[in-house]
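Report on the following structure.
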Amino acid sequence: MNIFRLAGDMTHLFSVLVLLLKIHTIKSCAGISLKTQELYAIVFTTRYLDLFTTYISLYNTIMKLIFLGSSISIVWYMRHHKVVRRSYDKDQDTFRHYLLMLPCLLLALLINEKFTFLEVMWAFSLYLEAVAILPQLVLLQRTRNIDNLTGQYVLLLGAYRALYVLNWIYRYFTEENYVHWITWVSGIVQTLLYADFFYYYFQSWKNNVKLQLPA
Amino acid sequence: PKDQAAKDEL
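So the protein lines, in turn, are chains A and B.
Residue numbers for the first sequence, in my numbering: 1 to 215.
Residue numbers for the second sequence, in my numbering: 216 to 225.
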């Protein structure tokens, strides 16, 4: 495992921790899109079906279980916890996320590495992950005040994606037969979706003003 | 094997 991959996994882990911190200690999910969180829960459930079929490493298994468990518990908290759910911006979080799932499924049926159930689900999870952040970005744009933890959460997620792109470049040049078009294209699309947010985040950081996205 | 390589990522 190279440094970019490890750093990518760690920023992903931190992003989840930041979100759990917000939910557990502040008992708030204000500014967090339940739609995006539901999509992530589906992404990890469909991608990590290979937990039952393939053993890669202890690290791999533990990380998969963490991402599965945390994404499902975040959805549970936002929907059912009696305090946390009251802070959910339901009226602002109106992105029709289920409409993203059908095109991703069709694409996965058409473009996959092998036409088997696990491979189609794996491709589906990659396509869906690429667009899963959209409801969150729309919600950020609508929310007047973006609090620090929410901003950091999205920043860490974006950093995780960018580091994965560096990891692929590194692996391409150092490993033989390392070519994965499906992962790369959907991963690059996903990273580009963060570009706009990055721009405004660093502007606000540089000028030392509160993060606000233009309407 | 080729199939395995992508699956070692999260």
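Note that the Cβ used here is the ideal one computed from N, Cα and C, for glycine as well.
Beta-carbon contacts of residue i that lie in its chain and below 7 angstroms, excluding the five residues immediately before and after
i: Ile72 (chain A); result: Ala41
i: Leu6 (chain A); result: none
i: Thr46 (chain A); result: Met121, Phe124 and Ser125
i: Leu211 (chain A); result: Ile146, Gly151, Tyr200, Tyr201 and Ser204
i: Leu49 (chain A); result: Leu118 and Met121
Residue i classed as buried or exposed, judged by whether at least 16 other C-beta atoms fall within 10 angstroms
i: Pro216 (chain B); result: For Pro216 (chain B), the predicted model reports a pLDDT of 42, less than 50, meaning its position is unreliable and no value from the coordinates is stated.
i: Asn207 (chain A); result: exposed
i: Ser57 (chain A); result: exposed
i: Leu19 (chain A); result: buried
i: Gln219 (chain B); result: Because Gln219 (chain B) sits at a pLDDT of 49, beneath the cut-off of 50, its placement in the model cannot be relied upon, and the following sentence gives the value as read from the coordinates. Looking at its Cβ environment, which holds fewer than 16 other Cβ atoms inside 10 Å, Gln219 (chain B) is exposed.
i: Ala108 (chain A); result: buried
i: Leu225 (chain B); result: buried
Backbone CA spacing between residue i and residue j [nearest angstrom]
i: Leu156 (chain A); j: Glu113 (chain A); result: 30 angstroms
i: Glu176 (chain A); j: Tyr170 (chain A); result: 12 angstroms
i: Leu213 (chain A); j: Leu149 (chain A); result: 16 angstroms
i: Val83 (chain A); j: Phe173 (chain A); result: 50 angstroms
i: Trp181 (chain A); j: Ser70 (chain A); result: 28 angstroms
i: Gln92 (chain A); j: Leu140 (chain A); result: 9 angstroms
i: Phe197 (chain A); j: Gln203 (chain A); result: 10 angstroms
i: His24 (chain A); j: Tyr164 (chain A); result: 28 angstroms
i: Lys64 (chain A); j: Asp223 (chain B); result: 11 angstroms
i: Tyr194 (chain A); j: Val131 (chain A); result: 11 angstroms
i: Val185 (chain A); j: Leu128 (chain A); result: 12 angstroms
i: Glu119 (chain A); j: Val209 (chain A); result: 46 angstroms
i: His81 (chain A); j: Leu192 (chain A); result: 34 angstroms
i: Phe44 (chain A); j: Thr61 (chain A); result: 13 angstroms
Proximal residues to residue i (C-beta, below 6 angstroms), its chain only, five neighbours per side dropped
i: Gly14 (chain A); result: One point to set straight first is that residue 14 (chain A) is Phe, not Gly, in the sequence displayed. The answer, listed in chain order, is Leu156.
i: Phe95 (chain A); result: Lys35, Pro135 and Val138
i: Arg142 (chain A); result: Gln92
i: Val189 (chain A); result: Ala130
DSSP-derived helix/strand/coil call for residue i
i: Phe115 (chain A); result: coil
i: Phe173 (chain A); result: helix
i: Val83 (chain A); result: coil
i: Pro103 (chain A); result: helix
i: Ser15 (chain A); result: helix
i: Phe95 (chain A); result: coil
i: His180 (chain A); result: coil
i: Lys206 (chain A); result: helix
i: Arg144 (chain A); result: coil
i: Thr54 (chain A); result: coil
i: Met1 (chain A); result: coil
Option nearest residue i by Cα separation, candidates the options
i: Pro135 (chain A); options: A:Tyr200, A:Ser87, A:Tyr98 and A:Tyr160; result: A:Tyr98
i: Arg161 (chain A); options: A:Tyr88, A:Thr11 and A:Ile3; result: A:Thr11
i: Tyr178 (chain A); options: A:Val185, A:Gly187, A:Trp168 and A:Ser186; result: A:Trp168
i: Gly8 (chain A); options: A:Val185, A:Ile188 and A:Leu166; result: A:Leu166
i: Ile32 (chain A); options: A:Asp50, A:Asp89, A:Phe52 and A:Thr54; result: A:Asp89
Contacts around residue i, its chain only, beta-carbon distance under 8 angstroms, and the 5 residues preceding and following it disregarded
i: Ser28 (chain A); result: Lys22, Val84 and Ser87
i: Arg79 (chain A); result: Leu34 and Arg85
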